[in-house]
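Heads up: the structure comes next, in structure tokens.
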Amino acid sequence: MSDATLLADPAPSLPAVGRPTDDRTGGGLALRGLTKSLGGRDVVAGIDLDVAKGELVSLLGPSGCGKTTTLRMVAGFLPVDAGTVTMGGADVTDLGPERRPSAMVFQNYALWPHMTVTQNVAFPLRTRRVSKAETRRRVHEALELVGLTHHATSKPTAISGGEQQRVALARAIVQEPDVLLLDEPLSNLDAKLRVSVRDEIRRIQQRLGITTVIVTHDQDEALSVSDRIAVMHDGRIEQVASPTDLYARPSTRFVASFIGATSRVAGAFLAGVVAPSTDGDEVLVRPEEVVLTDDGPVRATVSRVLMRGHFAELVLHAGDAELRAFVTGPPPAVGTETGVRLGAVLVYRDGVLVEAGR
Ligand SMILES: Nc1ncnc2c1ncn2[C@@H]1O[C@H](COP(=O)(O)OP(=O)(O)O)[C@@H](O)[C@H]1O
Ligand SMILES: [Mg+2]
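Whatever position you read off the sequence shown (first residue = 1), add 949 for the numbering used here.
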């Protein structure tokens, strides 16, 4: 479900149970004014976020911005200083983790080394007094879902990092949670494995339709798996948007610098900008919007060529000013003189987006 549908239709079809609700999530997850002070500092400073039922939202931000602290409050492992957590339309703010309809996958997996894969996955059901037959069925289903039935009797130390991550995921899924919370689920995996486990998490999440929050500092990860991304900075959310919108219209200077590459357009290159800008505005451009063309309004010299695989990154100079450009096909040689035209630019005034377009 898209943000637009959520906001346009404040879920009038929701059953009128319990508290009158500002729950626009259709039974998903809603955070209001979530706040936590640690070490005398507001580590989480008033987080508002709606995650629709079945939606996957990433909490994306640099290390230390408060992502894990937020997720632990959502899961119930850390009490809030202020604010509320609502799941499925019910306020769970004062409930412990085991009484919330959520399951969390921790960054370090936290598997029991002395237990088999099966025993690890079954563990949360033991404490919930689920029958033996039901446990057997659900554990088998969860292992099947993550493709690990062949490791049912292995110990965690005998399987790879990617497999351990999938065990941790199975242990969360076996609880049949309404809300799945994952803290940096891919950070311990090598680059190739990261992509395959990432795709697998998305596939399982969509198949089961679980409302999901993934915490990550990796923009590629967030851009590729999320319905929407919430960008965090210093304990606050700066922007919540779909990956496409976030990339095209980063609402703050911080978001623009955190998502994708940008160059600051200055000096001679400003002549190539058609968007109006006033003194003090900061103009940014994505490398793919820097177009090399003979009839471009700015003359520049190619000063470096970095091969990046299926494209090359060029460093261009016009006088003191520098720009980065992406080109596909054979790149021009260092020293080549070229015309440059700028496509869409992003204009920021006091750090806030005032213009995005051509
Ligand atoms: N128990 C604690 N006491 C004091 N400061 C803490 C504590 N836990 C976390 N912090 C600080 O809070 C900030 C946010 O931490 P965290 O939520 O783990 O960030 P992230 O997950 O985004 O990297 C960091 O600066 C961290 O050092
Ligand atoms: Mg963290």
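Here a beta-carbon is modelled for each residue, glycine too, at the ideal position from N, C-alpha and C.
Same chain only: Cβ atoms within 6 Å of residue 1305, ignoring 5 sequence neighbours per side: Only 1198 and 1295 meet the Cβ criterion.
Close beta carbons around residue 1274, own chain, < 7 Å, minus the five adjacent residues each side: Cβ neighbours of residue 1274 within its own chain (closer than 7 Å, five residues either side excluded): 1236, 1239, 1241, 1263 and 1265.
4-residue-minimum alpha helix (DSSP H) runs that sit fully inside the segment 1032-1098, ordered along the chain: Fully enclosed alpha helix (DSSP H) runs of 4 or longer: 1066-1075 and 1081-1094.
For review: beta carbons within less than 5 Å of any heavy atom in ligand 1: Result: 987, 988, 992, 1012, 1013, 1014, 1015, 1016, 1017 and 1018.
Residue 1020 - DSSP class collapsed to helix/strand/coil: The answer is helix: DSSP assigns residue 1020 an H, G or I state.
Ranges of the alpha helix (DSSP H) found wholly within the segment 1207-1240, counting only runs of at least 4: Runs found: none.
Length of the line joining the Cα atoms of residue 1170 and residue 1147: Straight-line Cα distance between these residues: approximately 7 Å.
Rounded C-alpha distance that separates residue 1208 from residue 1122: So the alpha carbons of these two residues sit roughly 30 Å apart.
Residue 1290 beta carbon less than 8 Å from that of residue 1318: Only positions 950 to 1307 of the chain appear in this structure, which leaves residue 1318 out of reach.
Cβ-Cβ separation, residue 1049 to residue 1032 (assumed contact under 8 Å), whole Å: Residue 1032 to residue 1049, Cβ: 15 Å. No contact.
Unbroken stretches of the beta strand (DSSP E), 3 residues or longer, contained in the segment 1152-1216: Those beta strand (DSSP E) runs which fall completely within the segment 1152-1216 and span 3+ residues are 1160-1165, 1177-1182 and 1185-1190.
Whether residue 1352 touches residue 1176 by CB criterion (8 Å): The question about residue 1352 has no answer, for the chain in this structure spans 950 to 1307.
Which residues DSSP lists as bridging residue 1131, in chain order: Residue pairing for residue 1131: DSSP places it in a beta bridge opposite 1054 and 1163.
Residue 1133 CB to nearest heavy atom of ligand 2 below 7 Å: Taking non-hydrogen atoms of ligand 2 into account, the C-beta of residue 1133 is found less than 7 Å away from one of them.
Contact test: residue 1164 Cβ vs ligand 2 heavy atom, cutoff 7 Å: Within the cutoff, so yes.
Own chain residues within Cβ distance below 6 Å of residue 1253, not counting five before or after: The answer, listed in chain order, is 1264.
CB-CB length for residue 1095 against residue 1105, believed under 8 Å: With 8 Å as the limit, residue 1095 and residue 1105 do not qualify as a contact, their Cβ atoms being about 14 Å apart.
Inter-residue CB distance, residue 999 and residue 974 (contact presumed, cutoff 8 Å): With a Cβ gap of about 5 Å, residue 999 and residue 974 count as contacting.
Proximity to residue 1164 [Cα-Cα], best of 1178, 1278 and 1155: The residue with the shortest Cα to Cα distance from residue 1164 is 1178.
For residue 1288, three-class secondary structure by DSSP: Strand.
6 Å Cβ shell around residue 1268 - same chain, five flanking residues per side excluded: Short of 6 Å from the beta carbon of residue 1268, and not among the five residues preceding or following it, lie these beta carbons of its own chain, in chain order: 1216 and 1217.
Burial state of residue 1309, where buried means 16 or more other Cβ atoms lie within 10 Å: No information on residue 1309 is available, as it lies outside the stretch 950 to 1307 that the chain covers here.
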